[in-house]
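The next block holds one structure in the form of structure tokens; read it before the comments.
Residue numbers (our numbering): 1 to 268.
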């Protein structure tokens with residue numbers, strides 16, 4: 001028995017990796033089922049990259065709507081490429097279902113639609129919320145009721161939060177961050193405030209010029225400032241209308257995404 005250990009071959013186990021060389025590792029993974037995590041995914045081109053649990057990276061192309069960075073997926077390795085990519089749900093089981101299975105949707109809650117920024121909302125529910133908010137403000141801005149400017153600002157401020165909440169949930173349905181809802185609002189406010197400030201400055205100048213000889217020049221500038229102010233306010237309104245139209249027309253993710261299950265299509 002002496003010398004057995006001296007002449008016994010030593011078997012070294014090494015993890016799969018580049019040391020295999022010559023494409024032998026890629027060939028060994030042909031048509032092999034693996035799991036991994038999505039590193040990147042371009043929804044426009046459908047190209048993405050997966051970090052496999054075997055410490056390798058695989059390129060893939062897919063048109064699925066529930067693929068986003070950080071999502072766990074099941075796939076079949078074909079060399080350096082991944083095919084048959086299937087997203088896994090948050091509890092680790094596959095989200096792939098047959099046509100006979102029903103899709104789980106979030107319940108309808110109008111209280112959440114108006115006041116909560118969590119979850120997702122459908123195009124129909126978003127449109128209903130926007131129409132209700134417009135209906136509350138339209139009589140004031142169209143001067144159908146005898147109100148003062150401060151009341152208009154108060155009602156607009158009260159309606160701002162439900163509008164942002166509904167917009168955030170609609171963005172969630174598009175698998176986008178809800179903070180994007182603030183950007184068009186901030187831009188519209190900046191344009192409107194710029195118009196007001198420009199009009200006030202030229203108005204003060206016109207008043208001061210009435211005591212001197214530059215009244216005619218100041219009057220012309222004041223008229224131009226009113227035109228510029230109208231353009232700025234009009235641009236602010238168009239930005240909001242374009243944003244609302246985008247949220248109300250673009251279809252959301254059909255499957256569950258990082259913000260929850262798809263919203264219910266029923267109105268009530």
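Every residue, glycine too, gets a C-beta built ideally from N, C-alpha and C.
Which term fits residue i, buried or exposed, when burial requires 16 or more other beta carbons within 10 angstroms of its beta carbon?
i: residue 270; result: As displayed, the chain neither begins before 1 nor continues past 268, which places residue 270 out of reach and without an answer.
i: residue 196; result: exposed
i: residue 258; result: exposed
i: residue 269; result: Examination of residue 269 is not possible in this model, given that the chain is present from 1 through 268 alone.
i: residue 102; result: In this prediction, residue 102 scores a pLDDT of 42, lower than 50, which makes its location untrustworthy; the coordinate-derived value is nonetheless stated afterwards. Burial call: exposed.
i: residue 232; result: buried
i: residue 125; result: buried
i: residue 64; result: buried
i: residue 48; result: buried
i: residue 246; result: exposed
i: residue 229; result: buried
i: residue 157; result: exposed
i: residue 183; result: exposed
i: residue 7; result: Its pLDDT being 45, under 50, residue 7 is placed unreliably by the model, and nothing is read from it.
i: residue 4; result: For residue 4, the predicted model reports a pLDDT of 43, less than 50, meaning its position is unreliable; a value from the coordinates is still stated below. Exposed, since its Cβ has fewer than 16 Cβ neighbours within 10 Å.
i: residue 97; result: Caution is warranted here: a pLDDT of 39 is assigned to residue 97, below 50, making its placement in the model unreliable, and no coordinate value can be reported.
Compare the Cα-Cα distances from residue i to each of the options and report the closest residue.
i: residue 140; options: 42, 56, 155, 257; result: 155
i: residue 79; options: 52, 208, 64; result: 52
i: residue 46; options: 68, 35, 57; result: 68
i: residue 39; options: 54, 59, 33; result: 59
i: residue 180; options: 190, 193, 165, 159; result: 165
i: residue 190; options: 115, 235, 175, 73; result: 235
i: residue 217; options: 137, 202, 240; result: 202
i: residue 271; options: 75, 238, 115; result: Lying before the first or after the last residue shown, residue 271 is absent from the chain, which here runs from 1 to 268.
i: residue 241; options: 167, 158, 223; result: 167
i: residue 70; options: 56, 57, 50; result: 50
i: residue 41; options: 175, 151, 111; result: 175
i: residue 224; options: 213, 246, 199; result: 199
i: residue 177; options: 66, 117, 33, 127; result: 117
i: residue 192; options: 222, 32, 226, 220; result: 226
So residue i and residue j are in contact, right, with Cβ under 8 Å, and what is the actual spacing, rounded?
i: residue 263; j: residue 121; result: 5 Å
i: residue 73; j: residue 87; result: 5 Å
i: residue 36; j: residue 123; result: With a Cβ gap of about 33 Å, residue 36 and residue 123 do not count as contacting.
i: residue 34; j: residue 54; result: 6 Å
i: residue 119; j: residue 81; result: At roughly 36 Å, the Cβ-Cβ gap does not stay under 8 Å, so residue 119 and residue 81 are not in contact.
CB residue i to CB residue j, shorter than 8 Å?
i: residue 85; j: residue 62; result: yes
i: residue 130; j: residue 244; result: yes
i: residue 159; j: residue 133; result: yes
i: residue 162; j: residue 211; result: no
Taking contact to mean at least 3 C-beta pairs separated by less than 8 Å, is the segment 246-256 in contact with the segment 206-213?
no
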